[in-house]
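Each protein sequence line maps, in turn, to chains A and B.
Residue numbering for the first sequence follows numbering that gives the first Met the number 0, starting at 0 and increasing by one per position.
Residue numbering for the second sequence follows numbering that gives the first Met the number 0, starting at 0 and increasing by one per position.
Note that the Cβ used here is the ideal one computed from N, Cα and C, for glycine as well.
If you're wondering where the values come from, they're calculated on a predicted model, not measured in any experiment.
Read through the structure below, which is laid out as structure tokens, and then see the notes.
2 protein chains.
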Amino acid sequence: MKARVHVMLKTGVLDPQGEAVRHALGALGFDGVEAVRQGKVIELDLAETDRAKAETAVKAMCEKLLANTVIERYEVELV
Amino acid sequence: MKARVHVMLKTGVLDPQGEAVRHALGALGFDGVEAVRQGKVIELDLAETDRAKAETAVKAMCEKLLANTVIERYEVELV
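Below, the structure is given as structure tokens:
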């Protein structure tokens, strides 16, 4: 089973990387880009075939390693 | 209009970051993680309201700045 995890900075947390991208897009002539947020996407290939168990495992991975839950939020999507 | 861009290393390109995550998950006791690939996700807030025009603009941004198309592939999703 495949899982895809999105890890983004929480709303309100300053995102200097996203801000740098927004600035660079403006400098390249792309107008009308109002805001940019940049995050991580992690694709996992799991041996687990049970959907519920896979979701529980991936959430535990996020809490323990993949996301810093003080400043980041995550979304788990099973494919 | 909001757009979400996924930028991942192409299949076959070595992903040391993903490999490090896979190794760390194993060390934390998460068995059955067969492969991990890590990429970027970029969320854009656009002033453009026309769907087709927004998609064209975001693809141009990917080609020029957001992705290195030699080793990376991108997916554009309008929300």
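- For ARG36(A), a Cβ of chain B is located within less than 9 Å of the residue's own Cβ.
- The shortest C-alpha to C-alpha distance from GLU47(A) to any of LEU77(A), GLU33(A), THR68(A) and ALA34(A) is the one to LEU77(A).
- Listed as beta-bridge partners of HIS22(A) by DSSP are no residues whatsoever.
- The C-beta distance from GLU54(A) to VAL6(A) rounds to 16 Å, too long to fall under 8 Å, and the pair is not in contact.
- The Cβ atoms of LEU64(B) and VAL40(A) do not sit closer than 9 Å to each other.
- Among the CB atoms of chain B, one or more fall inside 9 Å of the CB of GLU33(A).
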